[in-house]
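What follows is a set of notes on a single structure, which appears directly below.
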Amino acid sequence: MRHSRFAVVSTAVAALVLVTGCGSDPAGQDLCAQYADVQAAMEQLRSDGLQTENAEEFRSSVDDLRQRADLVRNELDQLQRVSEGRLDTAIGLARQRAAEINESLTVATYEAAETLGPQTTAAPAALELDLYSEAALKNWPPRSRSWTSGSRPSARTSDPDQLHHQEGNAMSVSFVLEALVVLGAIVMGTRAGGVGVGLWGGLGTFVLVFIFGEAPGEPPAAALAIILAVVTTAALMQAAGGIDWMVAVAAKLIEKRPKQITLIAPLTAFLFSVGAGTSNIIYPLLPVIYDVSYKNNIRPSRPLTVTVVQSGIALAASPVSAAMAAMLTLTDVAPYELGLGQILAITFPACVIGIIVTSLVVNRMWKDLDDDADIQAKIALGELAPPMAAAAAGESASAALTFTKAGRNSAIAFLLGVVAIVIFGIFPDLRPSFEVDGEAVSVDMTTTIVLLMFVVGVLILFIGKPEVSTVPDQSVFKAGMISAIALFGIAWLTSTFIAAHEDYIISTIGEWVTSWPVIFALAVFLVAALTTSQSTATRTIVPIGLAAGLPAGVVTGMWAGALGGVYTLPANGTQIAAANFDLTGSTKLGTKLLDHSFFVPMLVLSVTTIGVGALIGGVFF
């Protein structure tokens with residue numbers, strides 16, 4: 000909200016004094032009485048400031064002020080009815096500015112309370128209603144129904160509705176053109192793949208700044224810091240053999256309950272993906288899952304598909320994933336104050352329930368091995384050994400997985416670091432605090448995560464003794480760097496776009512999103528599908544959902560499930576690997592983009608997690 004808007008209201012209403020008066024004339028007396036009502040309404044708007052003790056109180060206070068602004072507009076309507084056309088220009092301007100105050104208050108609901116609180120407290124005080132004294136009002140001479148300037152203003156300037164319409168049209172054109180730039184950059188980045196996403200995002204930012212003249216948005220420095228610290232430490236762990244140990248442990252857990260592999264395999268993979276902050280861990284698990292399922296006469300596509308698609312949402316429940324890094328920088332600020340502990344309390348149970356439901360559904364999909372004519376034909380031709388014969392022929396696939404003591408210790412150190420991050424996120428009082436300008440300020444979670452990861456990285460150097468020179472060659476490091484570059488370009492692009500059109504987004508898209516929240520989930524889903532990047536989808540759409548007015552808890556819940564959209568198309572490495580490891584051919588990539596084996600499990604998982612996450616976030620947060 001801007002002080003100038005309130006000042007203009009005062010000026011506009013003051014103009015009422017200049018065009019009419021209060022004398023003995025009955026019409027003038029009626030006019031003065033109605034003016035007194037306007038003055039009282041504006042005084043009420045001015046009288047009390049915003050309460051900013053907490054987010055809930057802040058929003059309630061803003062809503063109250065918004066109702067008072069509506070009252071001002073209603074009183075202006077009454078004043079116009081008794082002014083006999085003499086005050087149309089001034090009243091029209093005042094009504095328009097009152098509407099702008101209302102819109103600004105709507106924006107304030109979803110901005111930082113610490114910033115807008117003082118602004119919106121001071122701004123109504125600017126409504127000093129300098130409309131001359133009561134004595135001056137009583138000396139108003141009645142005037143004829145004419146404009147004091149001698150000529151009626153043009154429709155362009157005198158009709159506030161038309162003026163607002165014209166401004167809205169101009170904003171709409173600008174918004175659409177720049178939105179096309181954003182979408183075009185995303186599409187082209189998707190086609191380029193990898194770091195190309197970030198490069199095209201940077202080009203889009205250049206166009207918005209240099210062509211459209213928009214102010215550059217804030218680069219995602221905090222998210223990048225988290226990603227770089229986590230990825231470096233995770234790559235150290237991988238170089239020390241930590242991933243090998245985690246895979247071996249996961250494989251043993253899967254083999255313990257082979258008959259329930261469709262449920263156990265994805266849940267086990269989920270836990271280790273959450274702990275490691277990457278989906279790369281499932282690659283070495285895929286042949287184990289295939290081996291165990293086939294030897295137990297279970298169609299391999301069932302556990303394989305659920306295991307793959309769960310990794311799409313698992314990163315929403317990981318304290319050390321790139322997606323979580325991006326999310327934290329958006330929600331762990333006023334007025335949302337949704338920190339790591341609250342996010343995990345929403346996403347973790349939602350993801351687990353989504354996986355369980357998906358596993359139950361998938362267990363009823365497709366034919367059993369004994370009823371699948373294609374698989375039985377391969378067995379008859381000798382291309383596949385019968386399941387029972389395969390079980391009796393040799394040792395389990397997990398027996399081939401090896402690890403070292405150093406790898407085990409490195410993985411344990413990393414996981415303890417993850418646990419420490421969660422503890423500091425849940426209990427912020429444990430973080431150090433410092434006095435800044437007389438106020439105690441605690442260390443934020445971004446700094447906490449970065450520093451803890453550095454400590455864990457140094458610990459791994461001592462206990463795991465990895466070859467440091469090999470760290471850049473690790474798959475975790477490469478994937479993380481690609482994510483960081485993609486996030487940098489796209490996040491900078493979207494922050495520039497949103498900052499330039501925040502008011503318009505609130506007044507238009509905000510209404511759609513708040514009326515149909517599923518639109519937000521669909522947007523995250525589609526961007527995730529196009530970019531195959533959870534972190535990119537997070538930084539692209541989540542700020543819009545928050546700015547549009549969706550509760551942060553609901554946004555978080557839907558965000559977790561919508562990230563599953565990365566598996567909409569059969570273009571991910573894990574999907575291709577799963578299809579190749581399945582020697583039965585039951586896991587298919589399809590030929591028509593959406594006819595692959597992962598599509599239905601992905602939809603079930605996403606929809607279930609979105610629904611459960613939104614419910615948890617809406618009820619408890």
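Going by numbering that gives the first Met the number 0, the sequence shown opens with residue 0, and the numbers climb by one from there.
Note that beta-carbon positions come from the ideal geometry of N, C-alpha and C, so glycine has one too.
- F205 and A536 have their alpha carbons spaced roughly 20 Å apart.
- Spanning the alpha carbons of R190 and F487 requires a straight line of approximately 18 Å.
- Going by DSSP, S432 is part of the beta strand (DSSP E) stretching over 432-435.
- With a cutoff of 8 Å on beta-carbon distance, A577 and V307 are scored as near each other.
- A contact between stretches requires three or more CB pairs, one per stretch, nearer than 8 Å, and the region 574-590 fails this requirement with the region 555-562.
- Exclusion of the five residues before and after Q237 leaves Q473, V475 as the residues of its chain whose Cβ lies within less than 6 Å of its Cβ.
- Note on geometry: alpha-carbon atoms of I462 and A249 lie some 22 Å from one another.
- In this structure the region 362-378 does not lie against the region 275-286, because fewer than three pairs of beta carbons, one per stretch, are closer than 8 Å.
- The region 488-499 makes contact with the region 207-227, as at least three CB pairs between them are under 8 Å.
- Pairwise C-beta distances place the region 603-618 in contact with the region 337-357, as three or more of them are shorter than 8 Å.
- The C-alpha of T539 lies about 13 Å from the C-alpha of P218.
- If you check the CB distance, A483 and I226 come in under 8 Å.
- In the DSSP assignment, A313 falls within the alpha helix (DSSP H) that extends over 300-313.
- As the crow flies, the alpha-carbon of G241 is around 16 Å from that of V418.
- Our two residues, S514 and F620, have alpha carbons roughly 19 Å apart in a direct line.
- With contacts defined by Cβ atoms closer than 8 Å, V196 and G183 do not form a contacting pair.
- V230 sits away from I260, with the two beta carbons spaced by 8 Å or more.
- The three-state reading of DSSP puts A384 in coil, since its state is none of H, G, I, E or B.
- For E213, no alpha helix (DSSP H) encloses it, and the DSSP letter there is neither H nor E.
- Of all alpha-carbon atoms in S272, S300, V517, E382, the one lying nearest the alpha-carbon of A316 is that of S272.
- In the structure shown, S585 adopts coil according to DSSP, grouped into three states.
- Taking a C-beta distance under 8 Å as the contact criterion, L451 and G416 qualify as a contact pair.
- Nearest to I481 by alpha-carbon distance, out of P318, Y335, Y503, S532, is S532.
- S441: member of the beta strand (DSSP E) spanning 438-441, first to last residue.
- A straight-line Cα-Cα distance of about 52 Å links W365 and V208.
- Contact annotation, V449 with P318: C-beta distance approximately 13 Å; criterion of less than 8 Å not satisfied.
- By the neighbour-count criterion, in which 16 or more other beta carbons inside 10 Å mark a residue as buried, I297 falls on the buried side.
- Rounded to whole angstroms, F413 and A233 show a C-alpha spacing of 7 Å.
- It is roughly 11 Å from the alpha-carbon of I518 to the alpha-carbon of L549.
- For Y289, the enclosing alpha helix (DSSP H) has its first and last residue at 284-294.
- According to the DSSP assignment, G612 belongs to the alpha helix (DSSP H) that extends over 598-619.
- For the region 550-594, the full-length alpha helix (DSSP H) segments reaching 4 residues or more read 551-561, 572-580 along the chain.
- The residues L235, A238, A239, in chain order, have a CB closer than 6 Å to that of P465 in the same chain once the five nearest residues on each side in sequence are set aside.
- Looking at I411, D62, G203, the one whose alpha-carbon comes closest to that of L458 is I411.
- Between V180 and L593, the alpha-carbon positions lie close to 27 Å from each other.
- Nearest C-alpha to W244 among S409, D367, V553: S409.
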